[in-house]
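Q: Protein sequence lines correspond, in order, to chains A and B. Note that this note's numbering has the first sequence beginning at 188, numbered continuously upward. Note that this note's numbering has the second sequence beginning at 8, numbered continuously upward. Ideal placement from N, C-alpha and C gives every residue a C-beta, glycine not left out.
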Amino acid sequence: MKKKLLSVLLTAVIAAGTLAGCGSASSGSGDAGSAGSAEAAKDGEYTQITYAFVSFNTIPDNTADVEEIINQVSREKIGVEVHLMPLSIADYSQQVSLAAQNGEIDIFHTLGDLSQAISSDMVLDITDMIDEDAAETKALLEPEWLKTCEGPDGRLYAIPTLKPFALQPMLIYRKDIAEELGLDMASVKDPADLTPIFEAVKAAHPEITPLAPVSSGDSGMSRWCDEIDFLGGDYATPIGVLQGEDMTVKSFFSLDQFKENADLVRYWYENDLIMKDAATTTSAAAELMSSGNYFAYSASYSYPLEDTAAALSAPSGFDVGAIALGEAYLDTSMINAVSQAISATSKNPDAALKFLNLTYTDETVINAMLYGVEGRDYVRNDDGTVSYPEGQDAATVPYTAQLSCGVLGNFFIQWPLQGSGSVESLAWEDEQNHNAKTSPAMGFIFDATPVRTQLTAVSNVIQQYFPGIQCGSVDPATAIPEFEKALSDAGYDEILAAKQEQLDAWLAQQ
Amino acid sequence: MEKKKSKVKVKYAKSGPLLLIAAPGILYLLINNYIPMFGIFLAFKNFSYKKGIFGSEWSGFDNFQFLFRTKDALIMTRNTILYNLAFIILGIVFAIFIAILLNALGDSLRTKFYQSAMLLPNLMSWVVIAYMVYAFLNADSGFINNSVIKAFGGKSVAWYMESKFWPFILTFVYLWKNMGYQSIIYLASIAGIDKSIYEAASLDGATKVQQIFRVTLPMLKPTVIIMTLMAVGRIFFSDFGLFYQVPMNSGALYSVTQTIDTYVYRGLMELNDVGMSAAAGLFQSVLGFIVVVSANALVRKVDSDNALF
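#1: Is the beta carbon of A/TRP411 sitting closer than 8 Å to the one on A/ASN448?
#2: Do we get a CB-CB distance below 8 Å when we pair A/ALA287 with the residues of chain B?
#3: Which residue or residues does DSSP assign as beta-bridge partners of A/ASN597?
#4: With DSSP collapsed to three states, give me the class of A/THR546.
#5: Counting only beta-carbon atoms, is B/ARG85 nearer than 8 Å to chain A?
#6: How about B/ALA259: is its C-beta nearer than 8 Å to some C-beta of chain A?
#7: Which residues does DSSP list as the beta-bridge partners of A/GLY508?
#8: So, does the CB of A/GLY208 fall closer than 8 Å to a CB anywhere in chain B?
#9: Got a sec, what are the start and stop residues for the beta strand (DSSP E) A/TYR481 sits in?
#10: Is it buried or exposed, A/ASP248, if we count other Cβ atoms within 10 angstroms and call 16 or more buried?
#11: If we ignore side chains and look at the alpha-carbon of each, how far apart do B/PHE290 and B/THR118 end up?
#12: Could you list which residues in chain A have their beta carbon closer than 7 Å to that of B/ASP280, in chain order?
#13: Tell me whether B/LYS171 is buried or exposed, calling it buried when 16 or more other Cβ atoms sit within 10 Å of its Cβ.
#14: Can you tell me whether DSSP reads B/ASN53 as helix, strand or coil?
#15: Taking a Cβ distance cut-off of 8 Å, strictly less, list which residues of the region 639-668 of chain A are near chain B, in chain order.
#16: Is A/ASP464 near B/ASN145, with beta carbons less than 8 Å apart?
#17: Just the Cα atoms here: how many angstroms apart are A/MET272 and A/ALA614?
#18: Can you give me the start and stop residues for the alpha helix (DSSP H) that B/PHE48 sits inside?
#19: Does DSSP put A/TRP455 in a helix, a strand or coil?
#20: What are the uninterrupted segments assigned as beta strand (DSSP E) that are 3 or more residues long and contained completely in the region 234-270 of chain A, given in chain order?
#21: Please check the pair A/ASP564 and A/VAL584, which I expect to be a contact at CB under 8 Å, by giving their CB distance rounded to whole angstroms.
#22: According to DSSP, simplified to helix, strand and coil, what is B/LEU206?
#23: Return the CA-CA distance between A/ALA228 and A/GLU263, expressed in angstroms with no decimal places.
#24: Hey, out of B/GLY212, B/SER22, B/THR87, B/ILE47, whose CA is closest to B/PHE61's CA?
#25: Within 8 Å of any Cβ in chain B, is that where the Cβ of A/LYS463 sits?
#26: Can you check whether the CB of A/TYR586 is closer than 8 Å to the CB of A/GLY559?
#27: Strictly by DSSP, which residues pair up with A/ALA528?
#28: Note down, in chain order, each residue of its chain lying with its Cβ closer than 6 Å to the Cβ of A/GLY220, except the 5 sequence neighbours on either side.
#29: Pick out the complete beta strand (DSSP E) segments inside the region 413-440 of chain A, 3 residues or longer, and give them in chain order.
#30: Would you say A/GLY593 lies against chain B (beta-carbon separation less than 8 Å)?
#31: Could you tell me whether the Cβ of A/ALA531 comes closer than 8 Å to any Cβ of chain B?
#32: For A/ARG567, which of helix, strand or coil comes out of DSSP?
#33: Which residues, taken in chain order from the region 131-159 of chain B, show a beta carbon closer than 7 Å to some beta carbon of chain A?
#34: For A/ALA466, return the contacting residues in chain B, with the cut-off set at a CB-CB distance below 8 Å.
#35: In or out: A/GLU616 buried (at least 16 other Cβ within 10 Å) or exposed?
#36: Express the C-alpha separation of B/ALA106 and B/ILE197 in angstroms, rounding to a whole number.
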């Protein structure tokens, strides 16, 4: 009975607290928050939060040592202790979904699925907290970038990861072959110019296939259309898109440029200029290149051409060069693809947001998350870059999440890995972010909830036809009409109409 | 009253130890199969993380719509059922055939060898098998294109682009993987048949073939029925690895490799929608339940001794 009374009392106190918090959100709660953390620090009791993120490196067994380094900073600055939860890309969505249901994580990041996360209430509304808890971060970001993380209700739900956003389509090719055959790579202005180059390579080296796919079913072709705003879709499943300044939502697959490129790739396929198995291979580009049987592949990167080539030379096994196949173009999905969010079930959202702020502003915190413990996991060079300790590499050190550099916090305060970046590159990338051509619909977020049934059906149809068309293994003249028929059977037009309607409403508001 | 009570007591005293033996199994079923059932009603909800499982709003049959949205619904249901039927029938025929052959070899070292060799594929994961198939079929360097077809002067085939071959390839791969395992069950049943029946048959002048058709096969009937009923209950579930991994997720083959499971997986990988996944699972379970109950009813009508329940 006593216990029951106590719990009732506690509930009442908590309820009163929440109500009070609501009443004076702007003035009172902030003071209470900072006072709370200071008090907590005195007792040696810190607010515990958990941060889940994708690591493309080996998932470490033990993160305690790294957490200790981070916590030394965060205890003092904000009275918070963090627990890191690096997850592999294969498990990430599922694990985060489960952990969010149980309230086990406080911070996670989206992977191109922000609007789903918002519509399923997975992420917390941080509109009223950001000025108090993460003002420095807010100042780092352009207002229009933050707008990409707003829900249909105009509230802020996440913070975009600050990194080079502007992806530029490029061709990565083997320098040794280009030099041997005297190919003029600089003459390539668009994909059609590649045909004579590929033919020359094939003629001189019949054993080499000129073009490898980026990954299964992706020849890189969907990146070659100019000024595309995917309106919430991506390269793999483009649905309704905008091209250029025209504000009518169009089907990606009926764009003239798309059809031209499809014919081009088909020509390559028929003349053995692209890998025959491109639509089904399970090998990725770097792996194929390092086999020595391929000349080039096409993908998008957000770094300067020379940097990209330098960074890709090691994984490709050859000295590679890079040329641009188009211009960088910014749309909403590029900014909010990876954005940091507070779980709706978090018990300490303020502490979580304050910690998030540190990952955008504190070098020690973000670099410890990426590189681990100095001396054990990495060494710092005199020029400010980072290397693995003598005789070690990314696979052998106990902790590294180096490949998550574009996923966590602020890329521009991360120390570059030796050979993959420099101060000048960072300046160039920062400038690209601010100056790259931007879609007129920047900030518009498509809410897929009303058409989610159609979307499921349509994405199945796309997976069925798109890889074959992209890799030239089916004839576009017959496959594209068939594809379009299947799409409209699946409710494609309803999605386009919903997009147009939402876009018009959004435009009217601007 | 008193008497009745004691009767119950006696009954429990007898079956108590047996129940105890069954306890881990019952517990497993409870935890693994029954407790998760409460998630069923997620299929009728518009799931929200903030509101939780119980707080989310009801949405009627909205979550089921995507299953029937396109003509894919017909294709995937057709594929699921026809493949499973083929697997059940061919599976039984081949498994019994192998079991009889192995049994005829007697208890020797080579029997053990054949048995193990046939069991081996069953222990491999679908991913490994998918790559073995790939080694045979891939367009650039596969064994069939490079060695077999070339040797006969034929034109190489883009196997992963041509859907017409796949019903046969998938059935073959399925049989290759599962035959050894299924035949063990039949082999055990054959070993359990009373030897004196065979002796009597041979005294009456029955040949080996006659013994197989007149003694072995009739004696196997109960096992066949139970195995079939169990397989029929899962007729709406496909072997995900077989249909997803082995065709290398090739889009051009969807018309013959798309089953309910792969459709749901492909569709929901994009959306990560809890409600729709639950709806798909419920749909399969309900259909499977109906099929197994009606199959059992049929068996009971024809041969009531062999019905499951």
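A: Reading it off the structure:
#1: yes
#2: yes
#3: A/LEU349
#4: helix
#5: no
#6: yes
#7: A/TYR360
#8: Reliability of the predicted coordinates at A/GLY208 is poor, the pLDDT of 36 falling under 50, and the value obtained from them is presented with this limitation in mind. False, the Cβ-Cβ gap to chain B never drops below 8 Å.
#9: 481-488
#10: exposed
#11: 44 Å
#12: ARG639
#13: exposed
#14: strand
#15: ARG639, THR640, GLN641, LEU642, THR643, ALA644, SER646, ASN647, VAL648, GLN650, GLN651, TYR652, PHE653, PRO654, GLY655, SER660, VAL661
#16: yes
#17: 31 Å
#18: Counting along the chain, B/PHE48 falls outside any alpha helix (DSSP H), and DSSP gives it neither H nor E.
#19: helix
#20: 234-241
#21: 4 Å
#22: One point to set straight first is that residue 206 of chain B is Glu, not Leu, in the sequence displayed. Looking at B/GLU206 - three-state DSSP - the assignment turns out to be helix.
#23: Unreliable positioning characterises A/ALA228 in this predicted model, as indicated by a pLDDT of 45, which lies under 50. A coordinate reading is not provided.
#24: B/ILE47
#25: yes
#26: yes
#27: A/PHE295
#28: Note that A/GLY220 has pLDDT 39, beneath the 50 cutoff, so the model's placement of it is unreliable and no number is given.
#29: 427-430
#30: no
#31: yes
#32: strand
#33: ASN145, ALA146, ASP147
#34: TYR167, MET168, SER257, GLY258, ALA259
#35: buried
#36: 8 Å
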